[in-house]
Amino acid sequence: MSLSIETKPIPLAANADGVVRVGKTRVMLDTVVVAFQEGATAEEIVYQYPALDLADVYSVIGYYLRQRSEVEEYLQDRQQKADIIRRQNESRFPPQGVRERLLARRRSGDR
1 MSLSIETKPI
11 PLAANADGVV
21 RVGKTRVMLD
31 TVVVAFQEGA
41 TAEEIVYQYP
51 ALDLADVYSV
61 IGYYLRQRSE
71 VEEYLQDRQQ
81 KADIIRRQNE
91 SRFPPQGVRE
101 RLLARRRSGD
111 R
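Once you know that position 24 of the sequence shown is 24 in our numbering, the rest is easy, because the numbers rise by one and skip nothing.
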């Protein structure tokens, strides 16, 4: 019996915004890599995100390990963009006093 050895594409796809997702799921590359960096096994990641396929998670982890600097650069870019958006949102909707405003709104609605 001979073993069929073939190369399959890495199960990653970027959407129109440049966000990379795993397989045909909505789970982002960021999610899998951060979970792995925090010590989660592929099995634990699939348990936490059941939409993922175990073989896909292993492939993505392998890709990350082989292309670490490229993936880290992508993750840093995503974090910088997220920080900008957070600051913009906080400038439009200041987080200070949110709890008090929500409680006041709730009290006025109880009447």
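Where is the CB? At the ideal position from N, CA and C, for every residue including glycine.
Here the structure is a predicted model, which is why all the values come from computation and not from measurement.
Worksheet item: How close, in whole Å, do the beta carbons of Leu75 and Asp30 come, if the pair is a contact with beta carbons under 8 Å?
Response: 6 Å
Practice prompt. Would you check if the distance between the CB atom of Val46 and the CB atom of Val34 is smaller than 7 Å?
Written response: no
Item to complete: Tell me whether Ala14 sits in a helix, a strand or coil according to DSSP, three-state version.
Response: In this structure, Ala14 counts as strand in the three-state DSSP scheme.
Worksheet item: Exposed or buried, what is Leu52 when buried is set at 16 or more other beta-carbons lying within 10 Å of its beta-carbon?
Response: buried
Worksheet item: By the 10 Å Cβ neighbour count, where 16 or more other Cβ atoms means buried, how is Ala42 classified, buried or exposed?
Response: buried
Worksheet item: Count the other CB atoms within 10 Å of the CB of Phe59; is the residue buried (16 or more) or exposed (fewer)?
Response: According to the sequence shown, residue 59 is Ser rather than Phe. Classification of Ser59: buried, given that the 10 Å Cβ count is 16 or more.
Worksheet item: What span of residues does the beta strand (DSSP E) with Arg21 cover, start to end?
Response: Val20 to Val22
Worksheet item: Ends of the alpha helix (DSSP H) at Ala51?
Response: Premise fails: Ala51 is in no alpha helix (DSSP H) and is neither H nor E.
Worksheet item: Thinking C-beta only, is Val32 closer than 7 Å to Val19?
Response: No. Outside cutoff.
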